[in-house]
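All the letters of the sequence shown, read from the start, carry residue numbers 80 to 376 under our numbering.
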Amino acid sequence: MKNRRNGFHTLTRQVRLHGELVTCTALRIGAGRSYDALGDDLPVVKDTLDRPVIPGSSLKGALRAYAESLLRTLEPIVQSNGKPQLSCYPLTKPCLFNDKVAALKQEKDADDKLWEKSCWGCRLFGAPWLASQMLVKDLPVREDTWFERFGHRDGVSINRDKGTAQSQKRYTFELVPEETSFDFNLVVDGASDAELGLLLLTLEGINNGQILLGGARSRGLGDVVLNVEWDAVEEITPGNALEVLGNRAIGGDTPTTTWSTERRTGLISAFFHAIDLPGDMIARWQAARNHHREESE
Ligand SMILES: [Zn+2]
């Protein structure tokens, strides 16, 4: 495990995924309250040209919440054997408290030790003592799906004490309509096969309907589909780093590789093995996955 995290000293592996995120229902990622007398009370996040944009941090936060719920579901099944827990509660019960972090930072190979003691959630999504391995870039709208029409809905403030609608407390909120596409770009640095597997398992939650984005989700908003270009994954390893950097230096495209269904299943299996999920459970998961694939092909 020594030098597991090489930071910026050495290039280990960098993976870049590209694709599009498409809204299936209207989407509302709020920009806070507006005091514009003519506009909506609650506008959505926009870029400088008034086009909608999904902040990468919003998507990453939704992915993290789902990953943590997955990890907590698996937690009672795996034998921990002194290994770090699968997921901590970052805000209330972090996997490392400040005094422990401070003590570890005094030790030799502090970064490696901090990494070893951190839960899977913190390793992939970051913690105050651990830089995140993953970056979700802001998602700009795709021009060909944007017709400069935001949706609008009315809301009524509910008096929380009486549970009744308050008169004079109507408000409007702005929406991105369904079938709007956004560019998706995600970068992961230095991740092991198992960590990539956890990421892939998490991303699958979007198309399984487990991850809704933005606000007013109880009103059916925020359902999205993610189409990753699996035949155009950028994967930079020590083996091809020089080739990639040379290509970029002359303005060329980064060579891409295909992550087949088998490859992705293999990465997710690597994650299951790394957390010591019982072999029969992994086998049943793989069988169900193959069965589903054959039916949909
Ligand atoms: Zn943690």
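For every residue, glycine included, the Cβ atom is placed at its ideal position computed from N, Cα and C.
Return helix, strand or coil for Ala-311, following the three-state DSSP convention.
-> coil
Express the C-alpha separation of Gln-212 and Glu-314 in angstroms, rounding to a whole number.
-> 15 Å
Cβ-based burial, Gly-288 [other Cβ within 10 Å; buried from 16] = exposed
Roughly how many angstroms separate the alpha carbons of Cys-174 and Tyr-250, rounded to a whole number?
-> 41 Å
Heavy atom of ligand 1 less than 8 Å from the Cβ of Leu-175, yes or no?
-> yes
Span of the alpha helix (DSSP H) holding Ser-148?
-> 135 to 153
What is the DSSP secondary structure of His-109, counted as helix, strand or coil?
-> In the sequence as presented, His is not what sits at residue 109; that position holds Gly. It is a strand residue.
For Asp-233, name the three-state secondary structure that DSSP assigns.
-> strand
Cys-198 versus Ala-181 - alpha carbon distance = 17 Å
Backbone CA spacing between Lys-172 and Lys-139 [nearest angstrom] | 20 Å
Alpha carbon to alpha carbon, how far is Asp-355 from Val-157?
-> 6 Å
DSSP-derived helix/strand/coil call for Gly-98 | strand
Which of the three DSSP states, helix, strand or coil, is assigned to Lys-184?
-> helix
Touching or not, the stretch 266 to 274 and the stretch 344 to 361, by the rule of three or more beta carbon pairs under 8 Å?
-> yes
With a Cβ-Cβ cutoff of 9 Å, do Leu-106 and Leu-254 count as a contact?
-> yes
Quickly, what does DSSP pair Met-213 with across the bridge? List them, please.
-> Val-267
Do Ala-144 and Leu-203 have their CB atoms nearer than 9 Å?
-> no
Are the stretch 212 to 227 and the stretch 125 to 135 touching by the rule of at least three beta carbon pairs closer than 8 Å?
-> yes
In whole angstroms, what is the alpha-carbon distance linking Asn-369 and Ala-189?
-> 42 Å
Can you name, in chain order, every residue of its own chain whose Cβ lies under 7 Å from the Cβ of Trp-338, other than the five neighbours on each side?
-> Trp-309 and Val-312
Is it the case that the CB of Ala-206 approaches a heavy atom of ligand 1 more closely than 8 Å?
-> yes
Which two residues bound the contiguous alpha helix (DSSP H) that contains Phe-384?
-> Residue numbering for the chain in the displayed model covers 80 to 376; residue 384 lies beyond these limits and cannot be assessed.
Which same chain residues, not among the five before or five after Leu-291, have their C-beta less than 8 Å away from its C-beta?
-> Ala-141, Leu-300, Gly-301, Asp-302 and Val-303
So does Ser-197 have its beta carbon nearer than 8 Å to some heavy atom of ligand 1?
-> yes
What do you reckon, is the C-beta of Gly-140 under 8 Å from a heavy atom of ligand 1?
-> no
Given that a residue counts as buried once 16 or more other Cβ atoms are within 10 Å of its Cβ, and exposed if not, what is Thr-102?
-> buried
Please confirm whether any heavy atom of ligand 1 lies closer than 8 Å to the CB of Cys-103.
-> no
With C-beta atoms as the reference, is Ser-136 less than 9 Å away from Val-266?
-> no
Name the DSSP bridge partner or partners of Asp-302?
-> Leu-291
Would you mind stating whether Phe-252 and Gly-234 have Cβ atoms separated by less than 9 Å?
-> yes
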